[in-house]
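Notes follow once the structure below has been shown.
Residue numbers (the numbering used here), protein chains in the order written: chain A, 570 to 680; chain B, 67 to 181.
This is the structure we're talking about:
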């Protein structure tokens, strides 16, 4: 059974603090790992698509790392801002073209 | 910027009624998907569609569900006889020639409420 786990499920962070959360996925038959940001009342938007072990991608204050051998990815947010409040979804794609989503991490930024 | 559009944004229906959810994917995309999210639960895959046929479907996608791409632009999900447990947010997604990495572009969702 293909399973993608994200932790924590929910996170409250003070504005200005940095934070990170985890996505765990199967380490075999890996093809790509996606991170999406999903704001309330909007559709999920891709943040990163990562394919190579050791990949590190950055977009502004948000960055992500990938370890395909052990099956995890971290998403980091530096200096959290209110606009970072969203659900962050990760999705694992394997070589059979299956895309499996985690349940997401709900991030709340406290003013 | 091209986007995936979905209609209706919210539909309320009686149990047993047929529902059609519509999606207009990004025009040069080739792979189309339906996902759903029941309130408080994870996003679940329903079906993928490529080259005018279903390429994969999940266990959720039983005989009550069907998809169609009737005119080269719309991509529809039909639920023949809705059940209470079909109440969910339904998301359409598409991806283009970079389907090998599979970044999905999502619509804003159609909320289905079955009474």
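The beta-carbon is built from N, C-alpha and C at its ideal position, and this holds for glycine as well.
Query: Listed by chain order, chain A residues near residue 167/B by CB distance under 7 Å; Result: 601, 618 and 620
Query: Partners in chain A for residue 108/B, counting only beta-carbon separations shorter than 8 Å; Result: 670, 671, 672 and 673
Query: Where the beta strand (DSSP E) containing residue 167/B begins and where it ends; Result: First-last for residue 167/B: undefined, no H or E at that position.
Query: Per-residue DSSP class, three states only, for residue 150/B; Result: helix
Query: Rounded straight-line distance, which links the Cα of residue 616/A to that of residue 608/A; Result: 12 Å
Query: Pairwise C-alpha distance: residue 631/A and residue 122/B; Result: 33 Å
Query: Sequence ranges, beta strand (DSSP E) only - wholly within the stretch 640-671 of chain A, length at least 3; Result: 641-646, 655-663 and 668-670
Query: Assigned exposure category for residue 613/A - 16 Cβ within 10 Å defines buried; Result: buried
Query: Under 7 Å by beta carbon: chain B residues contacting residue 613/A; Result: 172
Query: Contact under 7 Å by Cβ, residue 601/A with residue 582/A; Result: no
Query: DSSP three-state assignment for residue 603/A, whether helix, strand or coil; Result: strand
Query: Where residue 233/B sits in the DSSP three-state scheme; Result: An answer regarding residue 233/B cannot be provided, because it is not within the stretch 67 to 181 covered by chain B.
Query: Within 7 Å of chain A by C-beta, residues of the stretch 82-98 of chain B in sequence order; Result: none
Query: Per-residue burial, residue 180/B [other beta carbons within 10 Å of its own, 16 or more giving buried]; Result: buried
Query: Which of helix, strand or coil DSSP assigns to residue 81/B; Result: coil
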